[in-house]
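The next block holds one structure in the form of structure tokens; read it before the comments.
Numbering (the working numbering), first residue to last: 125 to 937.
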């Protein structure tokens, strides 16, 4: 009951009580008029008039007239209940109504305001009395007391004034300053707290908000005080909102629950939006404020801003989910990779064991088994390259070159490499050049080659009938681009599968992996490469019809670049197809070549290939042996492994260059990362080849240094065949301590040489149509020499340093 009696109602009751008390005192002291005495006097006068009239009628003996008059007076006066004339002896002569029973005044009793007795005089003697019974002025008992106007009027006025005071005080309290609810000293003490603090009354109206809470919402505290706290932009966290929606109930705010239950609540999470629209997460604790008797008069709310912590939690949850997904994907990848590695390994080991045991029945079977071993090894190499590329992409160490490269020639090379694979699957593979193309563009040839290889290899793998077509065209505009489209007639993909195929370790579905194999890395790497070069890779596919992958690559600046027509490109492709440049078609000059590798298998393989090609090969197991052999023999070329015991290739090459020896050195290493090539070139190597060695590339690279034997039947042999043969060492310089040296000269075979002095030497230069560059290209083996616009390799010219001797302390083992 006390909870319902508010301060507003108490003030109204008090004011009304004061008014009623004042009215009652006015009645008591006669300040306010009372009608009852006036009524009593009027009744007395009426009775006296009746008595005078009756006495006159008696004197004349008109008794019947007197009776009729009394009856008429009683009927016309509503306050008269009955009238009677009683003789002096007590006998009732005349009466109206039920006078005998209504009259209760006995003999000798004094008349009252309700019953009046008036004597009648006849001839100077008492004759009788006139008795008049009136309606009582007030009822007896409590009801009669309350019906008195002196009581009812003050009570009615008190009730009316109480109602008016209730409305008045409600209006007045709203106009009062709510800040006065909290004393100034208390407010100052609460403002210095580090946590947000809000005080609300039992109606949920904010009576106090400290400085921290106002700064949290970025509004003045004066705007917060006086408004309901429910009007603030509160919102439930996503998890609580979902639970409330599932339970189909309206969520209860913590302060309401604390007020209703009369207990403290801790750790309630809510979100609120500040004036700038920023979402803040608050950890809310509520404590009820109790008045005397344990009545809850309000709630104190403490708010701790945990937005940053919640954001960290969300980030951690996201990172955890991503880590779980990545772990699951990599676990699937490891399982799939195990299958992908074991499958070609099984072919390598199995067919190698078959050949070792002599189980092949013919030479054709042996060649077939060797082809299978070779294809399985190439497949293993592709897997390793994909993993290395992915690691570079994920670590952010992917670097892109911007050098001259020929897109049409790269496309032709890819078709040449994969054509046999397509033929084995019964598919056609062709390349078409739709528009004229620039002779060279500024891009990364290695990554372009890998993109086209990945897309074409995938198209062949997922195509069972029909074939694959590669079309190349150039689009002109603000930024010219080369568009390479790989179209197949394979199994195709659904729209859902197209959204996943560019994710690492992902394929269209699990059945694709089981049916066709693969790691799901090729397309992810290809898109990353395309975007790193400033282009894009997109796909469009229809299930059961085929897929189309479109690569867009910016051409870079084309100023001064010759445009090749479709007919010129097709003619060049036919020439390249008619004259394949392979190890079987090249015969090396019989030059001295040193092969240094700590692996016996590698040494024997390279020695076999180069000896079959016509070179004179010497081998060494480490850098110390290489230095000893170089001091004994004037080698024309050195193939140096860079990771070796005793003395590695880096130190050995540096020591060779530090003595002034300029013999060409080709680095052989199993490290295929971006920085490995630069490291090898920086220590003095002229060229860089990776393991496993590509036999054709090895012979072609060596031919560029030592030259080839011209075939009289094929005058259009490889350009290296035209390289001049170095002159023999001068007489007297044949000692093992005097080396025959060769040096590159930037002279194009097709250009007319010119010369100019450079310091104390003379250098041969190309004609005016050539350009100088310090960047490597697809047609050069070193970053040290210029490249002719004709795309031809620079030639090699001999020179010598006479009387050059080794260091006395050169390690010879």
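Glycine residues also receive a C-beta, built at the ideal position from the N, C-alpha and C atoms.
When you compare only the Cα positions, how much space is there between residue 723 and residue 502? Here residue 723 corresponds to residue number 599 of the chain shown, with the count starting at 1. Here residue 502 corresponds to residue number 378 of the chain shown, with the count starting at 1. Straight across, the Cα-Cα distance linking residue 723 with residue 502 is about 20 Å.
Check: Hey, out of 718, 728, 218, whose CA is closest to residue 754's CA?
Finding: Here the question's residue 754 lines up with position 630 in the chain shown. For residue 754, the closest of 718, 728, 218 by C-alpha to C-alpha distance is 718.
Are the CB atoms of residue 833 and residue 713 within a distance shorter than 8 Å? The residue labelled residue 713 in the question sits at position 589 within the chain shown. The residue labelled residue 833 in the question sits at position 709 within the chain shown. Yes, these two residues count as a Cβ contact at 8 Å.
What would DSSP say about residue 353, mapped onto helix, strand or coil? Mapped onto the chain shown, residue 353 falls at position 229. Residue 353 falls in the helix class under three-state DSSP.
If you count every other CB in all the chains shown that lies within 10 Å of the CB of residue 688, and 16 or more means buried, which is it? Residue 688 sits at position 564 when you count from the first residue of the chain shown. Sixteen is the threshold: when 16 or more other Cβ atoms of the shown chains lie within 10 Å of the Cβ of residue 688, as they do, the residue is buried.
*asked:* Is it buried or exposed, residue 683, if we count other Cβ atoms within 10 angstroms and call 16 or more buried?
replied: The sequence position of residue 683 within the chain shown is 559, counting from 1. Looking at its Cβ environment, which holds fewer than 16 other Cβ atoms inside 10 Å, residue 683 is exposed.
| query | In angstroms, rounded to a whole number, what distance separates the CA positions of residue 742 and residue 725? | reply | Within the chain shown, residue 742 is the residue found at index 618, counting from 1. Within the chain shown, residue 725 is the residue found at index 601, counting from 1. The alpha-carbon atoms of residue 742 and residue 725 are separated by roughly 15 Å.
* Sort out for me which residues DSSP pairs residue 676 with in a bridge. => Within the chain shown, residue 676 is the residue found at index 552, counting from 1. Per DSSP, 607, 660.
- Query: Leaving out the 5 sequence neighbours to the left and right, which residues in its chain are closer than 8 Å to residue 388 when beta-carbon positions are compared?
  - Reply: Mapped onto the chain shown, residue 388 falls at position 264. Only 382, 409, 410, 411, 412 meet the Cβ criterion.
Am I right that residue 257 and residue 239 are in contact with their C-beta atoms under 8 Å? What's the rounded C-beta distance? Here residue 257 refers to the residue found at position 133 when the chain shown is read from its first residue. Here residue 239 refers to the residue found at position 115 when the chain shown is read from its first residue. Their Cβ separation, rounded to whole angstroms, is 5 Å, which keeps residue 257 and residue 239 in contact under 8 Å.
Among residues of its own chain, excluding the 5 on either side of residue 899, which ones have a beta-carbon nearer than 6 Å to its beta-carbon?
As a working note, residue 899 is residue 775 in the chain shown. Low confidence applies to residue 899: its pLDDT is 32, below 50, so where it sits in the model is not reliable enough to give any reading.
Closest by CA to residue 150, which one among 277, 447, 654?
As a position in the chain shown, residue 150 is number 26, starting the count at 1. Out of 277, 447, 654, the CA that lies nearest to the CA of residue 150 is found in 277.
Quick one: what's residue 744 bridged to in DSSP?
Locating residue 744 in the chain shown gives position 620, counting from the first residue. 720, per the DSSP bridge assignment.
Straight-line CA distance for residue 136 to residue 280?
As a working mapping, residue 136 is identified with position 12 in the chain shown. As a working mapping, residue 280 is identified with position 156 in the chain shown. Note on geometry: alpha-carbon atoms of residue 136 and residue 280 lie some 15 Å from one another.
Worksheet entry | Three-state class that DSSP yields for residue 832 in the structure shown | Translated into the one-based positions of the chain shown, residue 832 becomes position 708. Assignment of residue 832 by DSSP, reduced to helix, strand and coil, places it in the strand class.
_DSSP three-state label for residue 687, please._
Along the chain shown, one-based indexing puts residue 687 at 563. Strand at residue 687.
Cα-Cα, which of 509, 481, 485, 475 is closest to residue 495? Position 371 of the chain shown, counting from 1, holds the residue named residue 495. It is 475 whose Cα lies nearest to the Cα of residue 495.
Reference residue 403; option with closest CA among 208, 207, 342, 560:
Taking the chain shown and counting its residues from 1, one reaches residue 403 at position 279. Checked all of 208, 207, 342, 560; the closest Cα to residue 403 is 342.
Can you give the beta carbon distance from residue 561 to residue 693, rounded, assuming they're within the 8 Å contact cut?
As a working mapping, residue 561 is identified with position 437 in the chain shown. As a working mapping, residue 693 is identified with position 569 in the chain shown. Yes, they are in contact, since the Cβ atoms of residue 561 and residue 693 sit about 6 Å apart, within 8 Å.
Inset, instruction - Could you say if the region 242 to 262 and the region 282 to 292 meet the contact criterion of at least three C-beta pairs nearer than 8 Å? - result: No contact exists between the region 242 to 262 and the region 282 to 292.
With distance defined between alpha-carbon atoms, name the residue in 625, 220, 530 nearest to residue 209. Taking the chain shown and counting its residues from 1, the one referred to as residue 209 is at position 85. In this structure, 220 is the residue among 625, 220, 530 with its C-alpha nearest to the C-alpha of residue 209.
Start-end ranges of the beta strand (DSSP E) lying completely within the region 376 to 452, minimum 3 residues = Within the region 376 to 452, the complete beta strand (DSSP E) runs of at least 3 residues are 389 to 397, 403 to 414, 420 to 429.
Roughly how many whole angstroms lie between the Cα atoms of residue 938 and residue 550? Limits of the chain in this structure are 125 at one end and 937 at the other, which puts residue 938 out of reach.
DSSP three-state assignment for residue 330, whether helix, strand or coil: Translated into positions along the chain shown, residue 330 becomes position 206. Strand.
Given residue 147, which residues of its chain have a CB within under 8 Å of its CB, disregarding the five upstream and five downstream residues? Here the question's residue 147 lines up with position 23 in the chain shown. Cβ within range, chain order: 156, 277, 278, 281, 282.
Practice prompt. Keeping to the same chain, check which residues put their C-beta closer than 6 Å to that of residue 320; ignore five residues upstream and five downstream.
Written response: Within the chain shown, the letter at position 196 stands for residue 320. Here residue 320 has 336, 337, 340, 427 as same chain residues with Cβ atoms under 6 Å from its own Cβ, once five neighbours each way along the sequence are excluded.
task = Run through the region 524 to 566 for me and flag every whole alpha helix (DSSP H) of 4 or more residues, listed as ranges in chain order.
result = Complete alpha helix (DSSP H) runs here, min 4: 531 to 548.
| For residue 360 and residue 378, believed in contact at Cβ under 8 Å, the rounded distance | Walking along the chain shown from the start, residue 378 turns up at place 254. Walking along the chain shown from the start, residue 360 turns up at place 236. Not a contact, Cβ separation roughly 11 Å.
C-alpha distance - residue 888 paired with residue 782, whole-angstrom precision
In the chain shown, counting from the first residue as 1, residue 888 sits at position 764. In the chain shown, counting from the first residue as 1, residue 782 sits at position 658. With a pLDDT of only 34 at residue 888, under 50, the local geometry of the prediction cannot be trusted, and the value read off the model is given with reservation. Looking at the two C-alpha atoms, the distance is approximately 25 Å.
Can you tell me whether residue 613 is buried or exposed, with buried defined as 16 or more other CB within 10 angstroms of its CB? What you label residue 613 is simply residue 489 of the chain shown in a count that begins at 1. By the 10 Å Cβ count, residue 613 comes out buried.
### Message
Can you find the residues in the same chain that come closer than 7 Å, C-beta to C-beta, to residue 882, ignoring five residues on each side of it along the sequence?
### Response
Counting from 1 along the chain shown, the entry for residue 882 is found at position 758. Note that residue 882 scores a pLDDT of 34, beneath 50, so its modelled location is shaky; the value from the coordinates is reported in the next line. Here the set comprises nothing.
query: According to the Cβ coordinates, are residue 250 and residue 200 closer than 8 Å?
result: As a working note, residue 250 is residue 126 in the chain shown. As a working note, residue 200 is residue 76 in the chain shown. With respect to residue 200, residue 250 sits apart: the two C-beta atoms are not nearer than 8 Å.
**Message:** Considering just the uninterrupted stretch of the beta strand (DSSP E) at residue 206, what are its terminal residues?
**Reply:** Position 82 of the chain shown, counting from 1, holds the residue named residue 206. Unbroken beta strand (DSSP E) run through residue 206: 204 to 211.
Quiz item: Quick one: what does DSSP say residue 499 is sitting in, helix, strand or coil?
Solution: By 1-based counting over the chain shown, the position of residue 499 is 375. Residue 499 falls in the helix class under three-state DSSP.
inquiry  = Give me, in chain order, the residues of the same chain whose beta-carbon lies closer than 6 Å to that of residue 153; leave out the 5 immediate sequence neighbours on both sides.
reply    = If you number the chain shown from 1, residue 153 lands on position 29. Excluding positions up to five away in sequence, the list is empty.
- Message: If I follow the unbroken beta strand (DSSP E) through residue 258, where does it start and stop?
- Response: One-based indexing of the chain shown puts residue 258 at position 134. Segment 249 to 258, the beta strand (DSSP E) holding residue 258.
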